[in-house]
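Trainee: As given, the protein sequences belong to chains U and F, one line each in that order. Here the first sequence is numbered in this note's numbering, starting from 1 and rising by one per residue. Here the second sequence is numbered in this note's numbering, starting from 1 and rising by one per residue.
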Amino acid sequence: MLVRYIATRLVIGVAQLVGLVIAVFFLIRLLPADPVSRLVGLNPSAEAYAQAERQLGLDRPILTQLLHYLGLAPEEGPGLLQGSLGISWVTGSPIVEEIGRHLPVTIELITLSFLIAFVLAVPIGMLGALKPGGKADRGVFIYSLFAGSQPEFWWGLLFVYLFFFTLGVAPPPLGSLSPLTSPPPEITGMITVDALLAGRPDTFVEALHHLMLPVATLVFILSGPIIKMVRQNMVRALRSDFVLYAHCAGLPRWQVARYALRAAMAPSITLIGILYGFMLGGAVLVESVFSLSGIGQYSVRAVLSFDYPAIQGVVLIITGISLLIYLALDLIHAVIDPRVAY
Amino acid sequence: MTAAEAPMLEVRDLSVAYGVGRDAVRPIDGLSFTLRQREIVGLIGEAGSGKSTAALALMGLARPPGHIVGGQVAFEGRDLLAMDDEALRRIRGRDIGIIVQNPRGALNPMLKVGRQIGNAYRAHNKANRGDGKRRAIDMLRMVGINDPERRVDAYAHELSGGMAQRALIAMALSSMPKLLIADEPTSGLDVTIQAQFLDQMWQTVQETGSAMFLVAQELGILANYCDRVLVLQNGHIAEDAPVRQFFAAPQQPYSREILRLEQDTAEGGIASGGTVKAGAEPLVRITGLVKNFPIKGSSKVVQAVHDVDLAIAPGETLGLVGESGSGKTTVGRCLVHLTEPTGGEIRFGDRNLSGLPATALRQMRAKLQIVFQDPYDSLNPRWTIRRILREPLDLHTELSRGEKDSRSRELLEMVGVDPGLIDRRPQGLGAGMLQRLNIARAIATNPSFIVLDEPTSVLSPRAVVGLVDLLRRLQRNLGLSYLFISHDLTTVRYLCHRVAVMYLGQIVEKGSVDQVFNDPKHPYSKALLAAHLFPDPGQRRVDRQDRRELEGEIPSPIDLPKGCYLASRCPSAKPECQARPQELTILPDGRSIRCWRVATGDLADQEGLQHAV
């Protein structure tokens with residue numbers, strides 16, 4: 001039952017990805033942009049232009065390009081089916097490698113941020129719900145209004161000013177490690193994990209130190225909506241008939257709270273998952289402020305330089321990850337709430 | 001006064017408020033009464049009068065955002081409202097149990113019902129999880145759930161309404177409370193199960209010296225099980241009387257109003273909307289009606305209706321009764337061709353409806369109307385009453401706009417609704433009022449026949465009385481014929497001339513109301529009437545020696561038995577009943593019956609007719 005459900009979802013997911021790849025492939029080519037002239041510069045000779053065009057493969061019919069990209073013409077070189085996302089038109093290195101370098105940075109950043117935001121926001125939201133209109137509840141309301149109303153890069157800059165420049169407790173916003181430290185051998189791409197794997201606790205601590213401000217910024221931004229959501233769902237759960245009846249049955253207070261929390265968690269989990277998928281590409285401003293070369297930065301660069309294979313690769317990978325996250329969420333949701341059927 | 005005579009529950013000036021300050025409303029305001037051991041006290045009141053709020057407040061609880069603002073609830077001498085939370089928690093569920101309305105909402109949707117019942121039990125008893133589960137199985141078995149070992153692992157959404165109701169009862173009784181507060185505990189249950197549960201509770205109260213506070217909408221429940229009746233009005237008790245006195249000489253205008261029909265009937269007043277001319281040609285005649293519903297992915301069918309014959313004379317009301325699932329509603333829907341019958345003939349006047357083309361059928365609908373069970377669902381909430389009433393006039397008449405308007409106002413007056421409400425929307429009007437609007441819409445085109453599909457089942461006692469009055473008056477004034485579908489035999493007795501009893505898609509007995517109600521012949525009719533709670537404290541079910549009941553479950557309408565459909569549950573069944581299909585036979589006294597033993601005189605009268613109502 002469960003296996004079949006997962007298999008079905010995966011098959012549907014792959015179909016969605018194929019559709020997406022083809023759509024993105026054509027949509028990019030509708031852009032009023034000329035990647036060739038971008039590559040050869042202004043006023044090129046006709047031969048140089050033609051040669052660059054041939055080099056990028058843009059001289060061939062568009063369907064041939066698509067078949068090549070999908071890997072249905074393996075004699076011309078590897079495509080998607082062979083596990084290749086193509087070669088970057090700007091750097092000349094394989095896209096898979098480039099994404100493999102940038103994606104872990106973002107994943108590390110936002111996973112850590114979400115974990116901390118979750119751990120902080122759920123109890124705070126619950127507290128607010130237990131005493132709606134109380135001091136804690138009002139404080140949280142003002143905070144979430146405040147935190148959500150200003151863009152994250154602004155908070156990032158404020159944090160840098162406060163914690164690095166004024167208080168000096170944070171490192172400068174110059175990447176994942178100080179420039180003098182040699183990074184641990186790359187295994188997962190996430191520096192904290194790699195440092196632990198390489199047995200270098202000092203590097204691990206340093207990486208965490210460098211993650212401190214970007215994570216704090218994201219936690220600050222993310223906690224607002226999560227707290228609100230948890231609070232709202234918790235208030236609703238506490239007013240539900242089955243919680244009232246749990247009181248009628250004389251259940252201990254902690255058990256009543258557990259009944260309500262479980263009912264409140266299911267929709268909150270969904271929101272958190274959706275936010276996570278969104279942040280994969282949306283953390284770009286925080287990445288910029290703290291000079292982290294994550295996937296957001298990478299995709300912005302790819303778009304600005306008309307690097308079609310890179311854009312396609314980023315869209316494909318982020319969508320794929322999002323689909324997997326949604327699947328996982330639906331499974332978690334079904335575990336929490338038996339009314340959800342596979 | 002000895003300890004045993006001291007009141008178990010003493011409520012003084014209890015008040016519950018919603019909102020604060022000047023805007024606060026107090027649905028419960030100065031509620032006072034006492035409840036003794038071995039006593040069952042019934043609470044009745046209008047819809048929205050705060051009965052459920054009162055029941056909860058006895059637990060020291062109020063549905064948020066309401067709160068208890070004053071008074072005392074002394075249980076065995078200790079004031080619940082002055083206790084600390086932990087002491088109160090220990091009493092809730094252990095000493096005082098409660099069954100609330102909306103059982104499915106009261107069950108935690110995320111936990112198996114067995115776990116919930118176990119948790120409730122373990123909150124008051126030293127027990128581990130295994131003990132809790134065993135207790136849950138025992139309790140589920142006690143409340144009559146088949147296969148409790150499997151049902152403990154069900155979630156609330158996997159249970160039917162009646163099953164969820166019983167699971168909630170099991171939870172409320174899990175610690176054997178001394179006081180049970182029951183808020184319409186049997187509203188989702190069939191009559192036979194309702195009677196079984198209330199019998200059981202009555203017996204428990206008598207044997208263990210506990211007590212029960214029973215919120216009820218049905219006069220029958222009050223009359224049959226309660227020792228005292230309380231009437232809740234304006235948030236406090238307006239009348240507090242022993243049950244016989246309440247039914248014999250009600251004091252309050254409200255009590256007199258809801259008991260009026262019952263007293264009329266007892267005094268032999270007009271029991272219906274007029275007399276029917278003997279030997280008149282029937283207005284509606286159904287012959288051999290069959291309705292099957294195909295099952296997806298199977299060649300089998302659900303046999304909802306099987307070989308039903310009915311005839312209704314002009315100005316006559318025919319009652320169609322039976323348990324849920326007996327096919328009553330399907331007959332009504334086939335009659336007005338809302339669902340196409342699988343077989344049989346339906347004649348209206350001199351025309352055969354089955355052969356009519358769609359346009360002719362639509363024209364016939366002006367004369368052939370239906371009123372549904374749920375008044376909320378059958379009126380478009382976005383339309384004004386003016387538009388609702390104009391719709392049938394637009395379809396079936398050539399009146400001008402002004403004429404339609406005056407006709408709409410006239411209709412509202414006919415059904416007793418203030419014509420000044422014509423520009424309101426249905427929202428916020430009570431169920432009784434909405435049902436009147438449904439009737440107004442049904443009679444807009446001057447029909448001669450109306451199918452009434454359980455029109456009173458969601459109404460409060462007062463609204464039922466009003467609606468019965470209205471239906472009778474319309475019948476007298478307009479000469480209407482009704483097919484009155486209902487499981488409420490009390491209302492059927494008030495309204496009908498003749499009655500047909502259905503079981504599993506067949507009519508098992510058909511005769512005059514007097515014949516069927518006072519001298520039922522078919523074993524199923526007997527059981528149905530024995531289980532029904534008539535609002536007459538002189539004939540209390542609990543005082544009867546023999547409470548005839550049907551055993552077992554209704555067979556599935558997919559795999560019907562070969563012989564008599566009732567054979568597996570019938571107390572008078574003989575081996576040959578299993579194999580012998582039953583025919584509807586007309587007896588010398590004019591009634592029809594589908595039981596060969598009765599028809600041939602094989603089933604003697606002494607096998608238990610004396611105790612019938």
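Using N, Cα and C, we set each Cβ at its ideal position, and we do this for glycine too. Just so it is clear, the structure is predicted and the values come from calculations on it, not from any experiment.
With 7 Å as the threshold, decide whether the Cβ of H67 of chain F is near any Cβ in chain U.
Mentor: Not closer than 7 Å to any Cβ of chain U, the Cβ of H67 of chain F fails to qualify, so no.
Trainee: With distances taken from CA atoms, which of F:M59, F:K112 and F:A6 is nearest R339 of chain U?
Mentor: Nearest of F:M59, F:K112 and F:A6 to R339 of chain U, Cα basis: F:K112.
Trainee: Under a CB-based cut-off of 7 Å, is R89 of chain F close to chain U?
Mentor: Closer than 7 Å to some Cβ of chain U, the Cβ of R89 of chain F qualifies, so yes.
Trainee: Please list the partners that Y245 of chain U has in chain F, where partner means a Cβ-to-Cβ separation under 7 Å.
Mentor: Result: V100 and A106.
Trainee: Closer than 9 Å, Cβ to any Cβ of chain U: which residues of the region 155-170 of chain F, in chain order?
Mentor: The residues in question are Y155, A156, H157, E158 and L168.
Trainee: Run down chain U in chain order and give the residues with a C-beta less than 7 Å from the C-beta of N119 of chain F.
Mentor: Going along chain U in sequence order, the residues near N119 of chain F (Cβ under 7 Å) are L251 and Q255.
Trainee: Please tell me whether R397 of chain U has its Cβ less than 7 Å away from any Cβ of chain F.
Mentor: Any property of residue 397 of chain U remains undetermined from this structure, which presents chain U solely from 1 to 342.
Trainee: Tell me where the beta strand (DSSP E) around G71 of chain F begins and ends.
Mentor: Here the beta strand (DSSP E) through G71 of chain F covers H67 to F75.
Trainee: Closest Cβ-Cβ distance between D202 of chain U and chain F: below 7 Å?
Mentor: Not one chain F Cβ lies under 7 Å of D202 of chain U.
Trainee: Okay, do the region 114-129 of chain F and the region 275-283 of chain U touch, 3+ Cβ pairs below 8 Å being the bar?
Mentor: Not touching, per the Cβ criterion.
Trainee: DSSP three-state label for E607 of chain F, please.
Mentor: With a pLDDT of 47 at E607 of chain F, under the threshold of 50, the predicted position of this residue should be treated as unreliable, and no value is reported.
Trainee: Say whether chain U places a C-beta atom closer than 7 Å to the C-beta of H611 of chain F.
Mentor: Note on H611 of chain F: pLDDT 41, under 50, position unreliable in the model; the coordinate value appears next. For H611 of chain F, the answer is no, since every Cβ of chain U falls outside 7 Å of its Cβ.
Trainee: Span of the beta strand (DSSP E) holding P94 of chain U?
Mentor: Where P94 of chain U is concerned, there is no enclosing beta strand (DSSP E), given that its DSSP letter is neither H nor E.
Trainee: Could you tell me which residues DSSP puts in a beta bridge with M502 of chain F?
Mentor: The partner list for M502 of chain F (beta bridge, DSSP) reads F:I507.
Trainee: Can you name the residues that DSSP bridges to L79 of chain F?
Mentor: The sequence given here places Asp at residue 79 of chain F; Leu does not occur at that position. Bridge partners of D79 of chain F: F:A74.
Trainee: List, in chain order, every chain U residue whose beta-carbon is nearer than 9 Å to that of A360 of chain F.
Mentor: By Cβ distance, chain U contributes nothing, its closest Cβ being about 46 Å from A360 of chain F, past 9 Å.
Trainee: Tell me, to the nearest whole angstrom, how far the beta carbon of Y503 of chain F is from that of S326 of chain F; I am working on the premise that it is less than 8 Å.
Mentor: Rounded, the Cβ-Cβ distance is 6 Å, consistent with contact.
Trainee: Between which two residues does the alpha helix (DSSP H) holding Q232 of chain U run?
Mentor: Segment P201 to L238, the alpha helix (DSSP H) holding Q232 of chain U.
Trainee: Three-state secondary structure (DSSP) at I295 of chain F?
Mentor: It is coil, neither helix nor strand.
Trainee: Any beta-carbon of chain F closer than 7 Å to the one on D330 of chain U?
Mentor: Judged by the 7 Å Cβ criterion, D330 of chain U is not in contact with chain F.
Trainee: Which of the three DSSP states is assigned to E152 of chain U in this structure?
Mentor: If DSSP states are grouped into helix, strand and coil, E152 of chain U belongs with the helices.
Trainee: Does the structure place the region 146-166 of chain F close enough to the region 207-220 of chain U that three or more beta carbon pairs sit under 8 Å?
Mentor: Judged by Cβ distances under 8 Å, the region 207-220 of chain U makes no contact with the region 146-166 of chain F, as fewer than three pairs qualify.
Trainee: Any C-beta of chain U sitting closer than 7 Å to the C-beta of R94 of chain F?
Mentor: Interface residue, yes.
Trainee: Are E39 of chain F and A211 of chain F closer than 7 Å when you measure CB to CB?
Mentor: Yes; because the gap between Cβ atoms is below 7 Å, this pair is in contact.
Trainee: DSSP three-state call for P171 of chain U: helix, strand or coil?
Mentor: Here P171 of chain U sits in coil by DSSP.
Trainee: What does the alpha-carbon distance come out to for the pair K526 of chain F and V516 of chain F?
Mentor: Taking the straight line from one Cα to the other gives about 9 Å.
Trainee: Consider the C-beta atom of S113 of chain U and the heavy atoms of the ligand SAM; say whether any pair is separated by less than 6 Å.
Mentor: Because no ligand of any kind appears in the structure shown, any question about the ligand SAM cannot be addressed here.
Trainee: In chain order, what residues of the same chain lie with their CB nearer than 8 Å to the CB of S178 of chain U, ignoring the 5 residues before and after it?
Mentor: Answer for S178 of chain U: P171, E206 and H210, listed in chain order.
Trainee: Spatial neighbours of L379 of chain F within its chain, please: CB distance less than 7 Å, with the 5 preceding and 5 following residues excluded, ordered by chain position.
Mentor: Cβ neighbours of L379 of chain F beyond the five flanking positions: I388, P426, L434, L437 and N438.
Trainee: Can you grab the Cα-Cα spacing for the pair L10 of chain U / I269 of chain U, in whole Å?
Mentor: Using only the alpha carbons, I get a separation of about 21 Å.
Trainee: Start and end of the beta strand (DSSP E) containing P267 of chain U?
Mentor: Per DSSP, P267 of chain U belongs to no beta strand (DSSP E); it is in the alpha helix (DSSP H), R253 to G282.
Trainee: Nearest chain U C-beta to L61 of chain F closer than 7 Å, yes or no?
Mentor: Closer than 7 Å: yes.
Trainee: How would you write the range of the alpha helix (DSSP H) that V205 of chain F sits in, first residue to last?
Mentor: Where V205 of chain F is concerned, the enclosing alpha helix (DSSP H) stretches over V191 to T208.
Trainee: Tell me whether the beta-carbon of I99 of chain F lies closer than 7 Å to the beta-carbon of L168 of chain F.
Mentor: Yes. Within cutoff.
Trainee: On the criterion of 16 or more Cβ atoms from any shown chain inside 10 Å, does G343 of chain F qualify as buried, or is it exposed?
Mentor: Answer is exposed; the Cβ neighbour count stays below 16.
Trainee: Hey, is D337 of chain U's beta-carbon within less than 7 Å of any beta-carbon in chain F?
Mentor: Chain F contact via Cβ: present.
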